[in-house]
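Take the sequence shown: its letters are residues 0 to 319, numbered as in numbering that gives the first Met the number 0.
Backbone N, C-alpha and C define an ideal beta-carbon position, used for all residues, glycine too.
This structure is a prediction, so every number in the text was calculated from the model and none was measured.
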Amino acid sequence: MSHDILSTRSIDRVESAFDGVNVRVIDKQRYDPQTLRDYVDGAEGLFVHSENEYDADLIRNAPNLKAIAKPGSGIDNIDVEAATEEGVVVLHTPGMNAVAVSEFTVGAILSHIRRIPEAQDHIEAGGWRSQDWWGTELRGKTVGIIGLGAAGSETAKRIRPFCERIVAYDPYISEEQAADVGAELVSFDDLLATSDVTSVHVRLTPETRGLIGADELDAMRESALLVNTSRGAVIDREALHDVLEEDRIGGAVLDVFHEEPPSPDDPVLGRDDTLTTPHLAGATVETRTMMLNVTAENLIAVLEGRTVDEEYVANPDVLE
């Protein structure tokens, strides 16, 4: 039996999973709510990404909708509560990109503190060796990790050989769990005050939105590096710009933004003390291929009434 699925990006990498299924593909872009509702109309399944909001109004006005599937762990652009009320299964792939995120995080930190992007610009401009581009080391330093879920834990394990100490803040794990990945559990305030590098690995929830604001940034060391590969809204962007502009922290690595893509005049872009990338920490060929195929296969399974591992279901109550 064929099913009607709407995909917000090309399905080239998952065509085999969707064999025999009617998949309507729309352009990768942000749509106004009414246009998106028109596209969704009649669909039984949605294969979505991060460009658009799938809110209660859209979900409640899609009577045929049975499942929304998103390859990735973050589902902050999907109203899971509304989906649950309407009996719509929400699928994702929590933790599947943790290794990719952790490798990116370690690489970006080393790139920033060793000033590699600036050194590349220097040599391409005709320069050569200069002490102006000497960086610093992680040796002897303290790395703080906010959020010891899958990505945070993998980051701790991979950065451990480089630094002196890892401290972590996560109210949902035990000291033993932190110790298993080489981290020492501390309070939020202590982490901010003692870390030379602070790396953020939390999901965007009402509790984590604005988690790092003006007071938290003021509590950081003047030389500290702030790294965010989670969600842009976890950090107060105006407060971050202020401390960077006033040299009150050492710099930032930002893979995520409040608005994606960010405006060309976003004040954090183009700064020598800030390394910015287009939300690709979790995007490797291996990880994306795996995430896309697992998500597609799970979506088809739900539409066909087959069992899906609850690990991939954001609202398992719907399955009862």
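Positions of the beta strand (DSSP E) runs, each at least 3 residues long and wholly inside the region 211-253, are given as 224-227, 250-253 in order along the chain.
Secondary structure at residue 198: strand, using DSSP grouped into helix, strand and coil. Considering only 207, 275, 136, the residue with the shortest C-alpha distance to residue 170 is 207.
Here DSSP, grouped into helix, strand and coil, assigns residue 183 to strand. Residue 53 is bridged by DSSP to 77.
Between residue 96 and residue 290, the CB-CB gap stays under 8 Å.
Of 70, 72, 45, 133, the smallest CA-CA separation from residue 61 is found for 45. Note: residue 46 is bridge-paired with 6, 68 in the DSSP secondary-structure output.
If you ignore the 5 residues before and after residue 190, its C-beta comes within less than 6 Å of the C-beta of 143, 166, 168, all in its own chain and listed in chain order.
Between residue 21 and residue 2, the gap from beta carbon to beta carbon is short of 8 Å. About 7 Å separates the Cβ atoms of residue 260 and residue 277, confirming a contact at the 8 Å cut-off. As computed with DSSP, residue 144 is found in a beta bridge with 167, 198. The three-state reading of DSSP puts residue 23 in strand, counting E and B together. Sequence-distant Cβ neighbours of residue 74 in its own chain, meaning closer than 8 Å and more than five residues away, are 89, 91, 313. For residue 135, the three-state secondary structure derived from DSSP is coil.
Short of 7 Å from the beta carbon of residue 288, and not among the five residues preceding or following it, lie these beta carbons of its own chain, in chain order: 12.
Excluding five sequence positions before and after residue 216, the CB atoms of its chain that fall closer than 6 Å to its own CB belong to 238, 242, given in chain order. Within the same chain, 154, 157, 158, 161 come within 8 Å of residue 105 by CB-CB distance, once the 5 residues on both sides are set aside. For residue 89, the secondary structure class from DSSP, reduced to helix, strand or coil, is strand. Taking 8 Å as the cut-off, the Cβ atoms of residue 294 and residue 99 do not count as close. In the pairwise beta carbon analysis, the region 63-72 is classified as touching the region 292-311: at least three pairs are separated by under 8 Å. Checking the DSSP bridge columns, you'll see residue 274 partnered with 252. Judged by beta-carbon spacing, residue 204 lies beyond the 8 Å limit of residue 145, meaning their Cβ atoms are not closer than that value. With 16 or more neighbouring CB atoms inside 10 Å of its own CB, residue 251 falls in the buried class. Straight through space, the alpha carbons of residue 121 and residue 127 are spaced by roughly 7 Å.
Residue range 32-39 is occupied by the alpha helix (DSSP H) that includes residue 38. With a threshold of 16 other beta carbon atoms within 10 Å, residue 7 meets it and is buried. For residue 254 against residue 280, the beta-carbon gap comes to about 5 Å, under 8 Å, which counts as contact.
Each residue's CA atom was taken as its position, placing residue 41 and residue 23 some 11 Å apart.
Secondary structure note for residue 205: it is in no alpha helix (DSSP H), with a DSSP letter that is neither H nor E. With fewer than 16 other beta carbons inside 10 angstroms of its own, residue 136 counts as exposed. If you compare the alpha carbons of 232, 132, 150 with that of residue 103, the shortest gap goes to 150. Residue state for residue 100 is assigned as helix, using DSSP reduced to three classes.
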